[in-house]
Amino acid sequence: MSEPRKARSDYRLRRQDAYRLELPNRHGVPVRIFASEQVPIERTAVDELEQLLDTQQTIEALQAAAPDLFEGDASIEAVSLSSDFHRGSGIPIGTTLRTRGVLVPQAVGTDVNCGMRVNLTGLSYEQVAPHLDALERAIRHSFFQGGRGIALSPYQREAMLRGGLPGLVDAVEYAEGEQDLDWGGLLEQLIDELPYIHGGGGAQASVPAMLADYIRGSGGHSYDAHIGSLGGGNHFLELDRIAKIHDRATAHAWSLREGQVVVMVHTGSLGVGHTASAICRQAMRELLPHGFPAPPNGIAILPMGQRCAAQRQAARDAIQAAANFAFANRFFLAHMAMRVLQKTVGDVEPRLLWDSPHNLLWEEEGGAVVHRKGSTPARSPEALMATPYPWGEPVIVPGSMGAPSYILRSLGSADALYSACHGAGRALARGEAQRGHDAELDAFLREFRLVTPVEPAQLQARADLLAAWRQDVKQEAPFAYKQIGPVIETLRGAQVAEPVVELHPILTVKG
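See the structure below:
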């Protein structure tokens, strides 16, 4: 087998070792990029990273113009870029940003608490394979044709936004009257899952007034367009089989076995997250002194001084409410998949392995704030003693559609700011992926089961709709993404995380 080809290196980057680079910069901020020589890095991603670092200028300028907005030092302390580092929308995907004295809501993004969940089943691939055609039909009905069956009351929606999954548990336990959703065993399952969700599946927040219409719904128990929805872009739900075990001891401890079918979910807070981002932008605008120029890089900050307390709390509440929604959304999406498997194949024996965000911020003891945008927590065993995974938490790294995915065990790298990648990373922007590539797309569709809201076979008489569907699929097709192998090897070689199992896709659901 030939050696993997080396990727072209950007002249601005300085290689430290086989798996790490650094970016010298005029602000003196420590910046580490985790990428082997086989991991390609876009020039435009490095451009965007340099622009992010210019936020230090904004901090200094605002502190000089309005020192009463701050308390103590304020700065960017460090930046880490994971091995799926690529250009984002103002801030690169794969960024972990540690600041002091300021919040940077844009370093979380609009899809607050976008994250990954893996549910285990007791099913083997051999049990599922004969039912794949029936599963496709049942999944399309459940996800896209009115079969979600998730009706919540205004009281339950508010409790979910206010307290996440623990809040929803309380609302279900104490609600009076009829429940449209059969909570029975589902409530027990939810309670059992809470220790296996990062942060316990939610935290307390005051619900922003801008979410009142969502809470109200149509009155009574009602369905809504958000909960149980994947959203678009790179979000998905996937049935996978464990194809290879790399770490038998950890796989055994985590109840993972070869041939086992698992359900992987990747989504976030959708429209609720966009509302949260709008609230954050408004809070930051309120604080700017009259005449203070907009930051050249478009990245606004929220200082941590006492004078900013009201605006900061509004932003925190908005972000936390959106994060709470996202935890619940992933729970219900997994439930929908398990329900289909149960009806189509047989007893599922569901169990949650882990649910973790990769778009969120964490305020740490000592005043530091860690922002992650497209980077997943990969903490040290010392930080995990109170969790079910004191030897290292699961790190879920999906490949592109049709490519292998991996579950790893975190090792805890301070250099990486205790973070890992959340995927392979884009190789082509969405617009680039849509230009050409028809033969590659055809080859992919022949070999792979993809469930979308429409069945392409039913569009043969509408060439315009079929062409639009193909353009959508191209944006997330395998040729639009980096190869997953060098990305995983970087995590292993840099001692960020150790591979446990390799997953191969059976069927992927895209919104």
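Last residue of the sequence shown: 521 (the numbering used here), numbering continuous. The beta carbon of each residue, even a glycine, is placed where N, CA and C say it ideally should be. On a predicted model such as this, the values are computed, not experimentally measured, just so you know.
Figure out for me which residue from the options has the closest Cα to the Cα of residue i.
i: Leu343; options: Ile255, Asp180, Gly301 and Leu200; result: Leu200
i: Tyr416; options: Arg389, Ser366, Val350 and Val511; result: Val511
i: His447; options: Glu58, Gln485 and Gly521; result: Gln485
i: Ala263; options: Arg419, Ile516, Gln468 and Ala88; result: Arg419
i: Asp462; options: Gly241, Leu31 and Ala235; result: It should be pointed out that residue 462 corresponds to Thr in this sequence rather than to Asp. The candidate whose alpha carbon is nearest that of Thr462 is Gly241.
i: Pro313; options: Gly301, Arg291, Leu59 and Gln330; result: Arg291
i: Glu374; options: Leu427, Ala338, Arg258 and Ala325; result: Leu427
i: Arg460; options: Lys520, Gly230 and Trp401; result: Checking the displayed sequence, the identity of residue 460 turns out to be Leu instead of Arg. Answer by Cα proximity: Lys520.
i: Ile69; options: Gln493, Gly433 and Phe302; result: Phe302
i: Val122; options: Thr260, His151, Ile329 and Ala424; result: Ile329
i: Ser410; options: Gln214, Leu438 and Arg258; result: Leu438
i: Val179; options: Ser279, Leu197, Gly227 and Leu59; result: Leu197
i: Leu362; options: Ala219, Gly119, Tyr399 and Arg36; result: Tyr399
Quick one: Cα of residue i to Cα of residue j, how far?
i: Gly38; j: Gly315; result: 24 angstroms
i: Ser12; j: His256; result: Bear in mind that a pLDDT of 43 at Ser12, under 50, signals an unreliable position, so the number given afterwards is only what the model happens to contain. In a straight line, the C-alpha of Ser12 is about 22 angstroms away from that of His256.
i: Ser99; j: Leu107; result: 15 angstroms
i: Leu351; j: Leu145; result: 7 angstroms
i: Asp250; j: Leu79; result: 50 angstroms
i: Leu451; j: Arg480; result: 8 angstroms
i: Arg30; j: Gly422; result: 16 angstroms
i: Ser239; j: Ala336; result: 10 angstroms
i: Ile149; j: Leu221; result: 30 angstroms
i: Ser216; j: Thr285; result: 14 angstroms
i: Phe154; j: Val483; result: 17 angstroms
i: Leu394; j: Gly308; result: 36 angstroms
i: Val271; j: Gly495; result: 22 angstroms
i: Gly247; j: Ile237; result: A small fix is needed here, since residue 247 is Leu in this sequence, not Gly. Approximately 14 angstroms, taken between the alpha carbons.
i: Ala76; j: Ser90; result: 29 angstroms
i: Lys383; j: Ala304; result: 22 angstroms
i: Arg300; j: Ala319; result: Here residue 300 turns out to be His, not Arg, going by the sequence shown. Approximately 19 angstroms between the Cα atoms of the pair.
i: Thr500; j: Gly177; result: 39 angstroms
Which residue comes first and which comes last in the alpha helix (DSSP H) that contains residue i?
i: Val380; result: First-last for Val380: Ala378 to Lys383, but that is the beta strand (DSSP E), not the alpha helix (DSSP H).
i: Tyr416; result: First-last for Tyr416: Ser415 to Ser420, but that is the beta strand (DSSP E), not the alpha helix (DSSP H).
i: Met126; result: Element bounds for Met126: not the alpha helix (DSSP H) but the beta strand (DSSP E), Gly125 to Ser134.
i: Leu178; result: Pro164 to Tyr184
i: Glu442; result: Arg440 to Ala443
i: Thr518; result: No alpha helix (DSSP H) contains Thr518, which is instead part of the beta strand (DSSP E) from Ala507 to Val519.
i: Ala215; result: Where Ala215 is concerned, there is no enclosing alpha helix (DSSP H), given that its DSSP letter is neither H nor E.
i: Ala139; result: Here Ala139 belongs to no alpha helix (DSSP H), and DSSP marks it neither H nor E.
With DSSP as the reference, label residue i as helix, strand or coil.
i: Ile201; result: helix
i: Val271; result: strand
i: Met11; result: Note that Met11 scores 37 on pLDDT, short of 50, meaning its location in the model is unreliable and no value can be drawn from it.
i: Val405; result: strand
i: Lys353; result: helix
i: Gly283; result: helix
i: Tyr224; result: helix
i: Leu460; result: strand
i: Tyr233; result: coil
i: Asp250; result: strand
i: Val151; result: Sequence check: residue 151 is His here, not Val. Looking at His151 - three-state DSSP - the assignment turns out to be helix.
i: Ile255; result: strand
i: Ile207; result: strand
i: Tyr21; result: coil
i: Leu343; result: helix
i: Ala467; result: helix
If you follow the beta strand (DSSP E) that residue i is in, where does it begin and where does it stop?
i: Thr105; result: Ile103 to Arg110
i: Phe95; result: Ser85 to His96
i: Leu362; result: Arg361 to Pro367
i: Val49; result: No beta strand (DSSP E) holds Val49; DSSP gives it neither H nor E.
i: Ile43; result: Val41 to Phe44
i: Arg30; result: Arg30 to Glu32
Flag residue i as yes when its Cβ comes closer than 7 angstroms to any non-hydrogen atom of the ligand COA, and as no otherwise.
i: Asp223; result: Among the components of this structure there are no ligands whatsoever, and the ligand COA is therefore not found.
Taking residue i and residue j to be in contact with their CB atoms under 8 angstroms, please state how far apart those CB atoms are, rounded to whole angstroms.
i: Met274; j: Val128; result: 5 angstroms
i: Arg340; j: Asp365; result: 6 angstroms
i: Phe95; j: Ala161; result: The Cβ separation is near 41 angstroms, so there is no contact.
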